[in-house]
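Student: I'd like to ask you about the structure that follows.
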Amino acid sequence: MKKRDCNPSGNNPASKKKRDCNPSGHNPASHKNSNPSGYNKQGSLQIKKFDKHTINFKNSAQLLHYVGLGGKILPRRQTLLSAKQQRYVAKTIKTARIMGLLPFVQKKHD
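In the UniProt record's numbering, the protein residues as written are 1 to 110.
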């Protein structure tokens with residue numbers, strides 16, 4: 001196995017590039033997060049079968065599954081819904097907020 005040279009010599013034009021002195025051959029900083037979303041999808045909030053007809057603005061108990069602790073709508077990476085379903089849920093939550101069935105902001109309990 002060839003030993004890597006951390007200090008490139010001036011003779012070889014290919015060695016003028018700055019090299020990483022990590023002997024294993026990979027940069028650990030580039031593989032910091034192997035999962036780009038950073039979330040474990042085992043504990044997701046997705047309901048077993050998404051039914052568009054059961055989710056409406058009047059069913060506030062079911063809509064609360066898609067709202068976080070501060071009152072924010074949860075992102076797709078946590079709900080595991082498709083883009084179309086996520087848009088529908090977001091629109092329904094906003095309608096329920098305007099109708100007064102869901103709060104816009106939830107107070108934090110200290």
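Glycine included, C-beta positions come from ideal geometry on N, C-alpha and C.
As the structure is a computational prediction, the values presented were derived from the model and not from experiment.
1. Pick from 106, 74, 59: whose alpha carbon is nearest that of residue 66?
2. Which word fits residue 115, buried or exposed, when buried means at least 16 other C-beta atoms lie within 10 angstroms of its C-beta?
3. With a threshold of 7 Å on Cβ separation, who are the neighbours of residue 57 within its own chain once the five nearest residues in sequence on each side are excluded?
4. What three-state label does DSSP hand residue 73 in the structure shown?
5. If you run the structure through DSSP and keep just helix, strand and coil, what is residue 112?
6. Please classify residue 39: is it buried, with 16 or more other beta-carbons within 10 angstroms of its beta-carbon, or exposed?
7. Alpha carbon to alpha carbon, how far is residue 81 from residue 68?
8. Over what stretch of residues does the alpha helix (DSSP H) that includes residue 63 continue unbroken?
9. Output needed for residue 70: all residues of its chain with C-beta closer than 8 Å, excluding positions within five of it in sequence on either side, in chain order.
Tutor: On the basis of the data shown:
1. Cα-wise, what sits closest to residue 66 is 74.
2. Outside the shown range of the chain, which is 1 to 110, sits residue 115, and nothing can be said about it.
3. Excluding positions up to five away in sequence, the list reads 92, 95, 96, 99, 101.
4. Looking at residue 73 - three-state DSSP - the assignment turns out to be strand.
5. Here the chain has residues from 1 to 110 only, and residue 112 is not among them.
6. Residue placement at residue 39 is poorly supported in this model, since its pLDDT is 48, which falls under 50; the coordinates still yield a value, given next. Residue 39 should be labelled exposed.
7. Answer to the nearest angstrom: the Cα atoms are 15 Å apart.
8. Residues 60–63.
9. Shown here for residue 70: same chain residues with a beta carbon closer than 8 Å to its own, the five before and five after excluded, namely 105, 106, 108 in chain order.
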